[in-house]
Amino acid sequence: MQTHFSDTQLLDPQIREADAILRKCVHCGFCTATCPTYVMTGDERDSPRGRIWLMRELLETPDSVSSDTAFHLDRCLGCLACTTTCPSGVDYHHLIEIGRDRMDSQVRRPLMDRVMRRMLAHVIPHAARFRLMIRLGRIGNMFAPVMPGRIRAALAKLPRSLPPFDRVGSKTMVFGPRVKATRHVILLAGCAQRALDPAINASTVRVLNKLGVRVTVRSEAFCCGALAHHIGEASAARSAIRSTLLAWRDEIRKGEVDAIVVNASGCGTMVKDYEHVVGDDPELKDIAAQVAALTCDISELLADLPLNTIIDPSPEGRGVVAYHSACSLQHGQKIHDLPVSLLRQAGFEVRQPLEPHLCCGSAGVYNILQPEMADGLRQRKLDNIRGTGAPIVAAGNIGCIQQLDDEIPVRHTIQFIDYASGGPPPA
Ligand code: SF4
Ligand code: SF4
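Numbering-wise, this note's numbering comes out as the position in the sequence shown, counting from 1, plus 91.
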């Protein structure tokens, strides 16, 4: 794509980065076929190619940007399916971050939108606050009919039940294996995940301990910062990232950390990108690079451990599971087959739904900010899951689990591995 930035504009490092990305796009349109929003609306401005065009306009001539641009950029899920499809290697991930950043400084969002974003960025990353909000939300639900549509839609997303609070991560903890540890990892306990589903961290710790891995959880690493980062709440994002990085720096300096393990793939994609996110920040850039290099998804770590030594024999198999591939895992981290092969190793028959590349509509807090598009994608995904005939679904990200858990239960992949090695059943 041709760009026309002035020399003065190109002095800005963000514009230089965007320019290099934009110039890689050859406008072939391959990405449109796998973009969930384009598949739903058929509108070019809801496609990666259309958004790339809009972002070029926004960056070249910021004064001419309209609310139309904001509307279509906001409708992007950030699922990164376009980056998997693009034959030219266009780095849409970082382009949309720059585009949104610039858009936020150009377009004043409606008051309700600003209030919602601020509230989400200051509540969900703190597991205890998030649980309190869920409880208050339940009371608020009684008044839903007289509330604004956006609030009503958000209240409708509240979980129907709240399990006991996840103690993993409430304070700094070390979980040692019964035998001498062969490895030492740091686990990111997560924010929304801790609030909504403590069984995921419990299963993760149990399986890793059985495999001889010592697990440390630092309470200061309360959130990876992705949620706030993706909705333009920069100071809340930085505060979470800084707290996490400084805590992990302490641990790494002790000299015993083999890996940083993340069991929510949305967070994993963010942590692996920390070096880019913190940029030239003098306090954080070195540790961000080190952390990014150490970070792996739980499936990547398990693939490197002798999983067969802990799986109980099951000559007749453990039943059928549908595997839902979270966008952040398959497109963000390019992890496709690993979780499926782990599930098979654990004795499950794995079926994959049609349109596996399409997002389920969760995408962080997208399902709260863009409820109509998110609900449409959810229904489409559920139809495809039903088509597998499987009675239960495995997924590697809490956002997808909450979005899809319905008449067919959805559980984390690690819960199936845990079950196959003597842990509780996943549902
Ligand atoms: S597939 Fe890549 S090169 Fe082609 S239009 Fe999409 S982003 Fe541009
Ligand atoms: S990130 Fe997802 S929704 Fe956004 S343009 Fe790419 S494919 Fe479409």
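All C-beta atoms, glycine included, are put in the ideal place defined by N, C-alpha and C.
Item                                                                                                             : Value
Alpha-carbon to alpha-carbon, S419 and I426                                                                      : 9 Å
R251 versus A319: straight-line alpha-carbon distance, rounded                                                   : 25 Å
N- and C-terminal bounds of the beta strand (DSSP E) containing C387                                             : 386-388
Nearest-residue set for ligand 2, Cβ under 6 Å from any heavy atom                                               : C126, P127, T128, P139, R142, C167, L168, G169, C170, L171, A172, C173, Y183
Assigned secondary structure, V353 (DSSP; H/G/I helix, E/B strand, else coil)                                    : strand
Residue burial classification, L375 (beta-carbon count within 10 angstroms, cutoff 16)                           : buried
Classification of D509 by the beta-carbon crowding that lies within 10 angstroms, buried from 16 upward          : buried
CA nearest to the CA of T132, picked from S157, C167, T99, L150                                                  : C167
The region 483-495 touching the region 327-339, judged by at least three CB pairs closer than 8 Å                : no
Backbone secondary structure at L278 - three-state DSSP                                                          : strand
K472 in three-state terms, based on DSSP                                                                         : helix
Complete runs of the alpha helix (DSSP H) confined to the region 237-271 [at least 4 residues]                   : 240-247
Beta-carbon spacing of L385, A350 below 7 Å                                                                      : yes
Cβ neighbours of R243 in the same chain (closer than 7 Å, five flanking residues each side left out)             : A235
7 Å Cβ cutoff met for L495 and L433                                                                              : no
For I505 and Q305, the rounded distance between their alpha carbons                                              : One point to set straight first is that residue 305 is Arg, not Gln, in the sequence displayed. Cα to Cα, R305 sits roughly 17 Å from I505.
Whole-Å CB distance - I389 paired with V352, under 8 Å assumed                                                   : 6 Å
Close-in-space but distant-in-sequence residues of the same chain around C126 (CB under 7 Å, 5 per side omitted) : S138, P139, A172, C173
Separation of V348 from A280, as counted between CA atoms                                                        : 16 Å
Close beta carbons around P255, own chain, < 7 Å, minus the five adjacent residues each side                     : P289
E347 - partner residues in DSSP beta bridges                                                                     : For E347, which the question treats as bridged, DSSP gives no partner whatsoever.
Contact under 7 Å by Cβ, C116 with M92                                                                           : yes
Backbone secondary structure at H503 - three-state DSSP                                                          : strand
Rounded straight-line distance, which links the Cα of G316 to that of M361                                       : 8 Å
Proximity to G490 [Cα-Cα], best of G141, A293, I215, R209                                                        : I215
Bridge partner(s) assigned by DSSP for A485                                                                      : Y414, R502
According to DSSP, residues forming a beta bridge with V304                                                      : R274
Reference V259; option with closest CA among I291, A245, G231, V368                                              : I291
V117: CB within 6 Å of a non-hydrogen atom of ligand 1                                                           : yes
Exposure of E324, with buried meaning 16 or more beta-carbon neighbours within 10 Å                              : buried
I459, buried or exposed, once every other Cβ within 10 Å from all chains shown has been counted against 16       : buried
C-beta neighbour in chain D for P516, strict 7 Å                                                                 : The question asks about chain D, but that chain is absent: this structure has only one protein chain.
Segments assigned beta strand (DSSP E), at least 3 residues, entirely inside the region 376-460                  : 386-388, 411-415, 440-442
Any non-hydrogen atom of ligand 1 closer than 6 Å to V130 Cβ                                                     : no
Rounded straight-line distance, which links the Cα of S416 to that of P278                                       : First, the amino acid is wrong: residue 278 is Leu here, not Pro. Their backbone Cα atoms lie some 21 Å apart in a straight line.
Buried/exposed call for F162, threshold 16 Cβ in 10 Å                                                            : exposed
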